[in-house]
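Visitor: The structure follows.
Okay, here's the thing in structure tokens:
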């Protein structure tokens, strides 16, 4: 959703043996040139059909993208070429002035790699021979160089601008009429920055030498997933991570290296070593005698002794170092949390004392306990989660969740599903931004179909923001099609919601207006302070409206402050609508984007003919939510029913009693 205008851009790059693509896009020319034509070439430079070019694995190949000249713009050809067996991709851009007057061309690219919520590092801003990026947790690095030019880079958490600097220290060239200029870049993908620098160095004639590290603790056991920070001459040269057996194979330049070693986010040692010129692998066995971790072997069950999804939080105490398992985008182990689809897992931990919280949403009693992890040994964590809140006739649901396919975040979608099931959400449609998607493969992989139901859907997110958002489900998911077969956005909120409502041949679906400014939506379209009816055509199409945060119901007033910004109180205005006779059911959702306690703190209870998630019919959820047979809460809820005196027929939330 946020990586736009990618025609002519590079959007995927990784190695086949260690595939972990973390590139959003490499934009040649920094998006200044609207590429609209492409041609593929075989190993002999002959044109081939672009679709058939995908079958040329193991052979050299190239793709060229073109843009025609225009006023004050040269003709541009950018060629991506990959030689057979190459460890880098070559990108060559040819600028040609086809006009009669001279042109000035900026030698600049930009690269999008999202690291704001990742363990990602980028080249320090400034100039050098190599620009690099490394995602240290997910295991992917990239290096960019130019054979004859230096690179001046400037990065933020998402985007890096790369200027190619010639002798005068300038990134601009002047093209006389009829003249051309060619800019060459090379992009190296690798598991880590050490691998990338080894390949990039070889391209410049600098030799690296193969090395293998094996890390062991005080008891001689391998240290898996340990991070090595390699330093040379007092500066960081790169990072890499050991495999499941505590080993790391890479290449390093000749000379002395200082090693900083950490595991589970905790510093565990320092070492100094010397790399010698050699063609054969140099082994380095690093024994960290001061490091003696333990582990926890957990088995959490329900009261009948069966496996149960749960969340376990480890809080270090009494001087024990606090572990950090992974960034907020991770799946099973996130920060100090361990999510488990079955309640059974083993997790390495620094030895010491921990407060432990075991939970599964508000219907189960959370367990607060203490754990002592002995050095070099396993501590057992056994517990039984007791469900003390019964909800017959109602299932818990969250209608608004996100993960990496949304394009506005980098959270693991598998982690999102784990979040939902471990927080005891029983029905969760898939609502990624601007594409139809599904949670079904993750639910199948985890074997949790009896605990959670889902359906494919989407959030249609257009402009103006934050008004023009609608969640829609069910939607037909069509793999390998643009947007999963879903509708596109519109700058007119009325047209957008109409398009979503009528999609899939006018199929029966639930349309949720997401977190609106209600006055803007229904009273004052142009924001001039005068009532003009707003986007009135939206009203009959909205089945429900998000009104969170619901805690504002405890101190009602016309305004609220969210994230430091003052605005109209959504729940107050929603109640005003009801006072005026406009009846739109409300819903509350978490709208989570990351996996550290992301889901579960708000939920809807939806009236259901079954209490078994495996038997939930998503259309029962749609119709109940449309009718307002739902209860919004951050945990507890009150079930209310009414009947006419002398009648046994009862109605509940959202239903009429005459």
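Numbering (the numbering used here), first residue to last: 17 to 674. From the three backbone atoms N, C-alpha and C, an ideal C-beta is built for every residue, glycine too. Quick caveat, the model's predicted, so the values are computed rather than measured.
Run through the DSSP bridge pairs and tell me what residue 93 is partnered with.
Guide: Walking along the chain shown from the start, residue 93 turns up at place 77. DSSP lists 82 and 110 as partners of residue 93.
Visitor: Would you identify the three-state DSSP class for residue 627, choosing helix, strand or coil?
Guide: Translated into the one-based positions of the chain shown, residue 627 becomes position 611. If DSSP states are grouped into helix, strand and coil, residue 627 belongs with coil.
Visitor: Tell me the rounded alpha-carbon separation between residue 42 and residue 191.
Guide: Here residue 42 refers to the residue found at position 26 of the chain shown. Here residue 191 refers to the residue found at position 175 of the chain shown. Answer to the nearest angstrom: the Cα atoms are 25 Å apart.
Visitor: Taking Cβ positions, are residue 649 and residue 622 nearer each other than 8 Å?
Guide: Here residue 649 refers to the residue found at position 633 of the chain shown. Here residue 622 refers to the residue found at position 606 of the chain shown. No; because the gap between Cβ atoms is not below 8 Å, this pair is not in contact.
Visitor: At the level of alpha carbons, what is the spacing between residue 465 and residue 630?
Guide: Looking up residue 465 in the chain shown gives position 449. Looking up residue 630 in the chain shown gives position 614. One C-alpha to the other measures close to 6 Å.
Visitor: Could you spell out where the beta strand (DSSP E) holding residue 442 opens and where it closes?
Guide: The count along the chain shown starts at 1 and reaches residue 442 at position 426. Where residue 442 is concerned, there is no enclosing beta strand (DSSP E), given that its DSSP letter is neither H nor E.
Visitor: Comparing alpha-carbon positions, which option in 440, 201 and 323 lies nearest residue 375?
Guide: Within the chain shown, residue 375 is the residue found at index 359, counting from 1. Out of 440, 201 and 323, 440 has the C-alpha closest to the C-alpha of residue 375.
Visitor: Going straight from the alpha carbon of residue 170 to that of residue 136, what length do you get?
Guide: In the chain shown, counting from the first residue as 1, residue 170 sits at position 154. In the chain shown, counting from the first residue as 1, residue 136 sits at position 120. Roughly 15 Å separates the two Cα atoms.
Visitor: Can you check the region 439-480 for any alpha helix (DSSP H) of at least 4 residues that lies completely inside it and give the ranges in chain order?
Guide: Taking only runs of at least 4 residues, the alpha helix (DSSP H) segments lying wholly in the region 439-480 are 456-462.
Visitor: Is it the case that the Cβ atoms of residue 111 and residue 187 are separated by a distance below 8 Å?
Guide: The residue you call residue 111 lines up with position 95 of the chain shown. The residue you call residue 187 lines up with position 171 of the chain shown. Not a contact, by the Cβ cut-off of 8 Å.
Visitor: My output table needs one value for residue 154: the three-state DSSP class, helix, strand or coil.
Guide: By 1-based counting over the chain shown, the position of residue 154 is 138. Note: residue 154 maps to coil in three-state DSSP.
Visitor: For the beta strand (DSSP E) holding residue 274, just list the boundary residues, first then last.
Guide: Along the chain shown, read from residue 1 onward, the residue named residue 274 stands at position 258. Element bounds for residue 274: 271-279.
Visitor: Could you tell me the alpha carbon to alpha carbon distance between residue 527 and residue 346, rounded to whole angstroms?
Guide: For the purposes of this step, residue 527 is identified with residue 511 of the chain shown, where counting begins at 1. For the purposes of this step, residue 346 is identified with residue 330 of the chain shown, where counting begins at 1. Each residue's Cα considered, the two are about 30 Å apart.
Visitor: Can you confirm whether the region 21-36 touches the region 112-123 when touching is taken to mean that 3 or more C-beta pairs between the two stretches lie within less than 8 Å?
Guide: No: fewer than three Cβ pairs fall under 8 Å.
Visitor: With residue 537 as the anchor, note down where its alpha helix (DSSP H) starts and where it stops.
Guide: Position 521 of the chain shown, counted from the start, is the residue given in the question as residue 537. Segment 534-538, the alpha helix (DSSP H) holding residue 537.
Visitor: Is any heavy atom in the ligand ATP found nearer than 7 Å to the beta carbon of residue 390?
Guide: This structure lacks the ligand ATP, and indeed carries no ligand of any kind.
Visitor: Since residue 387 is in the beta strand (DSSP E), which residue starts that stretch and which ends it?
Guide: Translated into positions along the chain shown, residue 387 becomes position 371. 383-389 is the extent of the beta strand (DSSP E) around residue 387.
Visitor: With a 10 Å radius around its C-beta and 16 neighbouring C-beta atoms as the bar for buried, classify residue 620 as buried or exposed.
Guide: Here residue 620 refers to the residue found at position 604 of the chain shown. Buried.
Visitor: Provide the residue(s) that pair with residue 289 in DSSP beta bridges, ordered along the chain.
Guide: Counting from one through the chain shown, the residue named residue 289 turns up at place 273. Looking at the DSSP assignment, residue 289 forms a beta bridge with 273.
Visitor: Comparing alpha-carbon positions, which option in 108, 132, 134 and 454 lies nearest residue 123?
Guide: Residue 123 sits at position 107 when you count from the first residue of the chain shown. Among 108, 132, 134 and 454, the Cα nearest to that of residue 123 belongs to 108.
Visitor: Might you give, ordered along the chain, the residues of its own chain that have their beta carbon closer than 6 Å to the beta carbon of residue 380, omitting 5 neighbours on each side?
Guide: Counting from 1 along the chain shown, the entry for residue 380 is found at position 364. Counting only Cβ-Cβ distances below 6 Å, and skipping sequence neighbours, we find 401 and 403.
Visitor: Could you pull out every residue in the same chain whose Cβ sits closer than 6 Å to the Cβ of residue 270, ignoring the five residues on either side in sequence?
Guide: Translated into the one-based positions of the chain shown, residue 270 becomes position 254. Answer for residue 270: 291 and 293, listed in chain order.
Visitor: According to DSSP, is residue 517 helix, strand or coil?
Guide: Reading the chain shown from its first residue, position 501 is the one you call residue 517. Reduced to three states, the DSSP call for residue 517 is helix.
Visitor: Would you list the one or two residues that DSSP bridges to residue 148?
Guide: Locating residue 148 in the chain shown gives position 132, where the first residue counts as 1. Partner(s): 159.
Visitor: Between the C-alpha atoms of residue 243 and residue 130, what's the straight-line distance to the nearest angstrom?
Guide: Translated into the one-based positions of the chain shown, residue 243 becomes position 227. Translated into the one-based positions of the chain shown, residue 130 becomes position 114. When rounded, the distance between both Cα atoms is 21 Å.
Visitor: Roughly how far, in whole angstroms, is the beta-carbon of residue 414 from the beta-carbon of residue 606, given that I think they are within contact range, below 8 Å?
Guide: For the purposes of this step, residue 414 is identified with residue 398 of the chain shown, where counting begins at 1. For the purposes of this step, residue 606 is identified with residue 590 of the chain shown, where counting begins at 1. Confirmed, about 6 Å.
Visitor: Measure the CB-CB distance between residue 563 and residue 579 and report whether it falls below 8 Å.
Guide: On the chain shown, position 547 is the one that residue 563 refers to. On the chain shown, position 563 is the one that residue 579 refers to. Their beta carbons are not under 8 Å apart, which means residue 563 does not touch residue 579 by this criterion.
Visitor: Going along the chain, which residues of its own chain have a beta-carbon closer than 6 Å to the beta-carbon of residue 146, five neighbours each way excluded?
Guide: On the chain shown, position 130 is the one that residue 146 refers to. For residue 146, where only same-chain residues beyond five positions count, the Cβ hits under 6 Å are 159, 161 and 216.
Visitor: Does residue 304 pass the burial test, meaning 16 or more other C-beta atoms within 10 Å, or should it be called exposed?
Guide: Here the question's residue 304 lines up with position 288 in the chain shown. Flag for residue 304 reads buried.
Visitor: Less than 8 Å separating the beta-carbons of residue 335 and residue 310?
Guide: Along the chain shown, read from residue 1 onward, the residue named residue 335 stands at position 319. Along the chain shown, read from residue 1 onward, the residue named residue 310 stands at position 294. Cβ atoms of residue 335 and residue 310: not closer than 8 Å.
Visitor: Rounding to the nearest angstrom, what Cα-Cα distance links residue 569 and residue 636 in this structure?
Guide: Sequence index remark: in the chain shown, residue 569 carries index 553 (1-based). Sequence index remark: in the chain shown, residue 636 carries index 620 (1-based). C-alpha separation (whole angstroms): 28 Å.
Visitor: So within the region 195-263, which uninterrupted alpha helix (DSSP H) runs reach at least 4 residues, ignoring any that extend past its ends?
Guide: If we require 4 residues or more, the alpha helix (DSSP H) runs fully inside the region 195-263 come out as 209-219.
Visitor: Are the beta-carbon atoms belonging to residue 417 and residue 399 less than 8 Å from one another?
Guide: As a position in the chain shown, residue 417 is number 401, starting the count at 1. As a position in the chain shown, residue 399 is number 383, starting the count at 1. Contact flag unset, no.
Visitor: Where do the N-terminal and C-terminal ends of the beta strand (DSSP E) with residue 590 fall, by residue?
Guide: Translated into positions along the chain shown, residue 590 becomes position 574. Note, residue 590: premise wrong, no beta strand (DSSP E); alpha helix (DSSP H) at 586-595.
Visitor: Buried or exposed, going by whether 16 or more other CB atoms sit within 10 Å of the CB of residue 66?
Guide: What you label residue 66 is simply residue 50 of the chain shown in a count that begins at 1. It is exposed - the Cβ of residue 66 has fewer than 16 other Cβ atoms within 10 Å.
Visitor: Can residue 624 and residue 640 be called in contact, C-beta distance under 8 Å?
Guide: Position 608 of the chain shown, counted from the first residue, corresponds to residue 624. Position 624 of the chain shown, counted from the first residue, corresponds to residue 640. Yes, Cβ-Cβ distance for residue 624 and residue 640 is below 8 Å.
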